[in-house]
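Peer 1: In this note's numbering, the protein residues as written are 186 to 282.
Ideal placement from N, C-alpha and C gives every residue a C-beta, glycine not left out.
From a predicted model like this one, the values you see are computed outputs, not experimental measurements.
#1: Got a sec? Which residues, its chain only, sit under 6 Å from residue 220 by beta carbon, not counting five neighbours each side?
#2: If we count Cβ pairs, one from each stretch, closer than 8 Å, do we get three or more for the segment 258–266 versus the segment 190–197?
#3: Classify residue 189: buried if its beta carbon has 16 or more other beta carbons within 10 angstroms, exposed otherwise.
#4: Give the DSSP bridge partners of residue 230, in chain order.
#5: Since I believe residue 270 is in contact with residue 199 (beta carbons under 8 Å), could you give me their beta-carbon distance rounded to a whole number of angstroms?
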């Protein structure tokens, strides 16, 4: 199994409504991309200066599933929106033991 972890830091000018819309878009990927096995998205509640604002965790059966997700037509507009709203994007992909 492959785990895809994304941490996002929003730009200061990203509104609460824009942030909420992105959370919904990310959650919808669990239904739109057939290779997604599990998806969790959450917003940081602490507000620490060191913290990221949002975490996305997505599990796939294998690397092929992750590769399919990366270029899926429903994922592309989400990546574009992340680029518009975020000043920091941090990604880790790893195999679960």
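Peer 2: So, to answer that:
#1: Sequence-distant Cβ neighbours of residue 220 in its own chain, meaning closer than 6 Å and more than five residues away, are 245, 250, 253, 254.
#2: Contact check between the segment 258–266 and the segment 190–197: fewer than three CB pairs, one atom from each, fall below 8 Å, which does not count as touching.
#3: Residue burial annotation: residue 189 is buried, with at least 16 other C-beta atoms found within 10 angstroms of its C-beta.
#4: Within the DSSP secondary-structure output, residue 230 pairs in no beta bridge.
#5: Sure, about 4 Å apart at Cβ, within 8 Å.
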